[in-house]
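Residue numbering for the sequence shown follows full-length UniProt numbering, beginning at 1 and increasing consecutively. Encoded as structure tokens, the structure appears first; notes follow it.
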Amino acid sequence: MPGSDVTAKSKKIHIDPDICFDCMEATIRHRGPIDIVVVTTMFCRQNRGTVALLERERELERLRARLTDAGTGHGCVVVVEGVAGIGKTALVTALCGLARGNSFAALTALSGELEQELPFSVVRQLFEPAVRSLTLTGAARLAAPVFTEMRVADPTTVGAVAHGLYWVCSDLAAECPLLLVIDDVHWVDQASLRFISYLARRITDIPVMLVLAGRPAAPGSGLDLALSGLTPQRLVLQPLTETAVSQLVREIMAVDADDAFCRACATACGGNPFLLTEGLRTLNADGIRPIAAEAARVANLRPDTVTRAVLTRLAHLGPKATRLARALALLGPVENLHIAAELAGLTADEAAAAGEALAAEDIIMRTRPISLRHPLVRTVIYADGTDLRRSIEHKRAAVLLASNGVSPEELVPHLLATAPESDPRIVEQLRLAAASALGRGAPEIAASCLRRALDEPPDVGDRLGILIEFAQALAMGNKFVEAADVLSSAAGLVDDPDLRAELTLQRALMLFRAGHGAEVTACYDDARRILGGREAEFLRRPGCLTLLVAGLAAMEPPTNRIGELERIPRTADVSDDTVRLIDASLAFCFATSGVRSADETFAVAKRAATGALSTGPDTWIIVNFASAGMSITDHHVDALELLDRGIALAQRNGDIGGYRYLSTLRSHGAFYAGRLYEAEEAGRAALDLHELSTIPEIQLAAAVLIDALVARGELAQAQAILSERGMEGPATVQMLLDHVVLLARARLRWRQNRLHHALTDYQNCGRTLSEHGFTNPGFAHWRADAAQILFEVDEVSRARELAAENLELSRRFQAPGAIGIALRVSGLVGDRDAIDTLAESVAILRTAGSDLELARSLTAQGAALRRAGQRSASLPVLREGLDLATRCGARPLADEARMELVAAGARPRRSAITGPAALTVSELRVARLAAGNETNREIAQRLFLSLRTVEVHLTNTYRKLGLQSRSQLAAALAGAGMVWQSSAYTPDRADLVP
């Protein structure tokens, strides 16, 4: 085999002689006795026409330092910024040379203006050569749609692709440190940008250095948003000084160039290396000598005149070379001249001759892929001509590429650049490209294609289908308001009332996800008006029931839904999933309104949960509603086990959105079950995965975490989350999830002793819930808390009225937890029989399954006994309350019980500062999985963490517990009562991502 061999790490690598060594990165992949070489094209000085690296020593040294950090496992992101032609490429090329010398694998990509509409264009440049030699296993398999014909199975799992790509990167970095370089990042495609954002937030724990080189990102641009909240190191390249410019002038023109001439060049080019070299090329071509007398002529070398000089040089080469250059400007980088020659109307021989002339003039590069030397060169050649001419040429390019077997996906840059002219072929290709982009997990590109297809415009018969596809793509990209508008347009084209009602309900769902509660209600009213009393028949249509019950989350009164749901016939043609959804929705309506008993509610919820974890589209709605019905009726173990099985399913499928959503629900359920460690853990897991999302669900995740933190006494952390997530301002309950946010803020303000602010939040929340029929105290304990605050601010009469109402409603529903809480509050604000009332509260709460609420009532009972002079009777009650509060992790409550014990004459133990109780929630979460014999890699993939994070948590855990090995973990945690209380929360290893 021809070529040369070089040695690296005592291994022999074969170098293809057709690849410019300066433009190549070689990475050894060890697979037994055979070395697999990954070769990646690299932009270099020759490729981009830059000159020797001058006045960049400081920047290069800073990059070297960060490279060293990455090599030791401390990954980083560096942004290299500068205007076009300032030398960014030359700097990162030098960095790649340093990386090669330090045993790094350098994977590189060059973004292109024409490739912004190609899904994962940059990611594929980075990883495709390496992936060819790898078998994607574990979580990395989720990235398969990027590199293969496999497609995303479920549109809601788009985020899983970014997670899979992270693990591709992590797996490669496990073999040797990685340098990832993306040049011209300002043109990166949106799908790749999503991965950049995902990686950048997890990179500190893996040996990877990510360098993003490009023009300054404008505030609010894609790159700016992708890196929001992060603090990457930024290197802003400055113009060359007069000294450096003089050095280049003398290197390129003459060693004896006059100082005045050099100064004139520095002024004209503004210290821009590319403009300087292009200008000097023009001066040389014009026969101008570098002497003082000619300095005045240099002033004409403005940036616009320098770049347009390229057109003059092209004209001198003749029409064939000009046509080939225009074809390359239109097509972008190509592997050979075949397509470009056809587009330019040249024979193979003519194209070869023209290509040689262009390379000799340094307009195109000699290396593959063949492309114009610099983006500025491409811009000036591409812009030469009219919009109409470019549109015609792009259409010719699309037709030509399609005839050569190029996929619709790769035609997108050309299809989008054509002027609309009602061509059904364009519409068809755009729809195919959109479907492919959705399958790869790139909804933004799919939306661009479908928007353009609508502009063509399509035939009347196709317009409805395209609008529906467009709405789906927008929704997958979290553009819910725009999707709702598109669905409104679609509904306007439909005569069939059932389809129009379905589209109206789909619009309601989009508005719900955008948090537009009032508009959601209007949509449901429109749908009912369209159906004209035929709801029961309509709801049997696939998917329509899902859309209707989603209205509950938009504050649709639950009692309005009960009749509709019970009237749906359960005949043989109704699917099991539909029956489960009906039952789950009924259970939720019963539980939130309190119109049926707790026992009946639980029975319906239990029936819905049986077989709920199918792969149907309604799975998470069923799990949500059924688990809520179980939790509100105090069947906390059943609720948490159902959620845990759902979490395991989401983990197995790599469904980050489902994992995040169910973790939020689990945090909420664990909080009401009194399991504060688990509530905080699940809440953090959910909130940590929200960096890619801007949907209202973020505030729900923040709220459940705030609840857990407040109960654990972490008020500063809770306040920080409240502020960071924009939850400080005026708040109303428009969507059902808003009440969770408002109640969390009220609890925090109460513990901060901001009583009147807390009371306002409680009353606003309660008023809206009551007006919409969500009256069951077990669903939202606002009355219990508000009554205690009213009592504290000396509004005793109102406090007792609210407490009495709370107790009456709780007894009506017959759930022991709500009754026990209501009795405790009645005892605390009442004027007599407090001890007996609190004793009754304790007795009932012993059957409710929440140790936290039991601990609260025990502490209140013990305090009442002490104040009544019954100190000896108070001691065992307070000790039990202290023990339960400590086990729950409720430090403020434990402190209260401890102070009451001291006041009663006891000497209680202090809080643990070592041992299992000293573990952070994140450490405990990892430790429990490690105790279950899962490997670090399995834990990382399950919890969507990095390996390094898992290792750090385990190291801290061993130190705090005084352990020497992993085998001691299970016994240490079990001895402290910190094993999982829900068996499903640590699912079998078979539930891992395959």
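The beta carbon of each residue, even a glycine, is placed where N, CA and C say it ideally should be.
Cβ atoms of glycine 73 and isoleucine 203 stay farther apart than 8 Å, at about 11 Å.
Taking C-beta atoms as the reference points, glycine 271 and threonine 305 fail to come closer than 9 Å. Below 8 Å, enough C-beta pairs join the region 434-446 and the region 463-482 to call them touching: three or more.
Per DSSP, aspartate 183 is one residue of the beta strand (DSSP E) stretching across 178-183. With a 10 Å radius around the Cβ and a threshold of 16 neighbouring Cβ atoms, proline 219 comes out exposed.
Counting along the chain, glutamate 900 sits inside the alpha helix (DSSP H) bounded by residues 891-903. The shortest CA-to-CA distance from alanine 514 to any of Ala639, Asp738, Asp286 is the one to Asp738. Put simply, of Leu539, Leu548, Glu801 the residue whose alpha carbon is nearest the alpha carbon of arginine 507 is Leu548. Around the beta carbon of histidine 316, fewer than 16 other beta carbons sit within 10 angstroms, so the residue counts as exposed. Membership of leucine 802 in the alpha helix (DSSP H) is indicated by the continuous run 796-813.
Of all C-beta pairs linking the region 790-798 to the region 768-777, fewer than three are shorter than 8 Å, placing the two stretches out of contact.
Following the DSSP letters along the chain, one finds valine 921 inside the alpha helix (DSSP H) bounded by residues 921-931. Beta-bridge annotation (DSSP): threonine 108 is paired with Val181. Taking C-beta atoms as the reference points, alanine 260 and glutamate 81 fail to come closer than 9 Å. Note: cysteine 76 is bridge-paired with Met209 in the DSSP secondary-structure output. A residue is called buried when at least 16 other Cβ atoms come within 10 angstroms of its Cβ; glycine 905 does not meet this threshold and is exposed. For the region 84-108, not one full-length beta strand (DSSP E) segment reaches 3 residues or more. Assignment of arginine 832 by DSSP, reduced to helix, strand and coil, places it in the coil class. By the neighbour-count definition (other C-beta atoms within 10 Å, threshold 16), valine 78 is a buried residue.
Going by C-alpha positions, glycine 683 is about 25 Å away from leucine 961. Annotated as proximal: glycine 517 and glutamine 734, with beta-carbon spacing under 9 Å. Here glutamine 964 is exposed. Its C-beta has fewer than 16 other C-beta atoms within 10 Å.
Shown here, glutamate 728 sits in coil according to DSSP, grouped into three states, outside any helix or strand. Under the three-state reduction of DSSP, isoleucine 364 is assigned to strand.
For arginine 898, same chain residues with a beta-carbon under 7 Å away, outside a window of 5 residues either side, are Leu882, Pro908 in chain order.
Of all alpha-carbon atoms in Ala143, Arg64, Glu128, the one lying nearest the alpha-carbon of phenylalanine 104 is that of Arg64.
In the three-state reduction of the DSSP assignment, glutamine 788 falls in the helix class. For arginine 234, the enclosing beta strand (DSSP E) begins and ends at 233-236.
Glycine 112 sits buried, since 16 or more C-beta atoms from the chains shown fall within 10 Å of its C-beta. The beta-bridge partner set that DSSP reports for isoleucine 370 consists of Val334. For threonine 379, the enclosing alpha helix (DSSP H) covers residues 375-382. Taking the Cα of proline 730 as reference, the smallest distance to any Cα among Thr760, Phe512, Arg500 is reached at Thr760. Distance from tyrosine 661 to glutamate 697 at the Cβ level is roughly 7 Å; contact confirmed, criterion being Cβ atoms closer than 8 Å. Between the alpha carbons of isoleucine 582 and isoleucine 706 lies a gap of roughly 32 Å.
In the three-state reduction of the DSSP assignment, glycine 214 falls in the strand class, which pools E and B.
Under the 10 Å beta carbon count, valine 211 is surrounded by 16 or more other beta carbons and is classified as buried.
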